[in-house]
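Structure record follows, encoded as structure tokens.
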Amino acid sequence: MTTLSAQPRCGYAARTYLPDGSEVLLRPLEPEDGDLLLDIFAELGPLSRERRFLTPKHTLTGSDLRQLTAVDHHDHEAIVALSTVDCRPVGVARFVRSAAAPDTADVAVVVVDAWQARGLGTVLASSLLGRARELGVGRFSLLMARDNEAAVKLMHRVLGEAERVSLDRDTAEFAVSVPPVARRRRAGRVRKGA
286 MTTLSAQPRC GYAARTYLPD GSEVLLRPLE PEDGDLLLDI FAELGPLSRE RRFLTPKHTL
346 TGSDLRQLTA VDHHDHEAIV ALSTVDCRPV GVARFVRSAA APDTADVAVV VVDAWQARGL
406 GTVLASSLLG RARELGVGRF SLLMARDNEA AVKLMHRVLG EAERVSLDRD TAEFAVSVPP
466 VARRRRAGRV RKGA
């Protein structure tokens with residue numbers, strides 16, 4: 286798992302390798318990165334777009350771009366993955382805190398079609414999880430297409446068990462507690478009982 290360390294104005298980036306040997310650069314999405322999001326959107330097929338936006342979507346509007354780039358790296362965080370071969374954006378993961386419950390954030394991950402099933406979604410989701418921990422997010426809310434098996438597998442692989450909040454004809458909503466960082470036991474320290 287790749288972990289990103291945060292600094293003010295998001296001076297962080299990380300290079301990591303996927304299981305197939307591909308190298309990607311993970312960095313924060315910035316408000317001026319609308320073109321990167323347009324490139325990602327252009328590389329999504331109709332099914333990927335529908336699963337991400339929960340409706341058929343043929344274009345990203347100006348309003349969509351303003352909303353998707355309104356990152357502040359605290360209440361709205363987004364991490365973009367770039368191929369190190371050609372610097373093209375290949376995926377993005379984001380969370381947006383709930384105004385009503387600031388310890389809860391809605392989460393979304395999207396990977397361009399050509400890079401799906403290569404482990405990039407896991408890398409992006411794991412990195413986003415690390416940022417969420419740093420920023421005090423304790424719970425994720427995920428709304429997804431009911432038939433999006435890849436998203437369900439990704440959720441369980443990165444986050445563990447989830448509570449299904451609702452299920453209807455088209456969507457499923459899950460809530461997941463952000464798991465704490467596993468603490469390592471110190472070698473040689475044994476606490477004896479009294």
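FYI, the numbering for the sequence shown is 286 to 479, going by the numbering used here.
Every residue, glycine too, gets a C-beta built ideally from N, C-alpha and C.
Since the structure is predicted, the reported quantities are computational estimates derived from the model, not experimental observations.
Closest in alpha carbon position to Arg431, among Leu353, Thr340, Leu310, is Thr340.
A straight-line Cα-Cα distance of about 17 angstroms links Met440 and Ala363. For the pair Phe459 and Val422, the Cα-to-Cα distance works out to about 16 angstroms. For His441, the enclosing alpha helix (DSSP H) has its first and last residue at 434-444. Rounded to the nearest angstrom, the gap between the Cα atoms of Leu427 and Asp391 is 6 angstroms. Using a Cβ distance threshold of 9 angstroms, Arg312 and Val365 count as a contacting pair. Beta-bridge annotation (DSSP): Ile364 is paired with Pro313, Ala378. In this structure, the straight-line span from the alpha carbon of Val309 to that of Leu321 is close to 15 angstroms. Counted as a single uninterrupted DSSP element, the stretch harbouring Arg431 is not any alpha helix (DSSP H), since DSSP gives it neither H nor E.
Ser307 is positioned such that its CB atom lies no closer than 9 angstroms to that of Val395. Contact between the segment 445-462 and the segment 404-422 is absent, with fewer than three C-beta pairs closer than 8 angstroms.
Exposed is the label assigned to Gly445, since fewer than 16 other Cβ atoms lie within 10 Å of its Cβ. Distances from the CA of Thr354 to each of Tyr302, Leu323, Arg442 were compared; the closest alpha carbon is that of Leu323. With respect to Gly376, Pro304 sits apart: the two C-beta atoms are not nearer than 9 angstroms. In this structure, the straight-line span from the alpha carbon of Lys438 to that of Gln401 is close to 13 angstroms.
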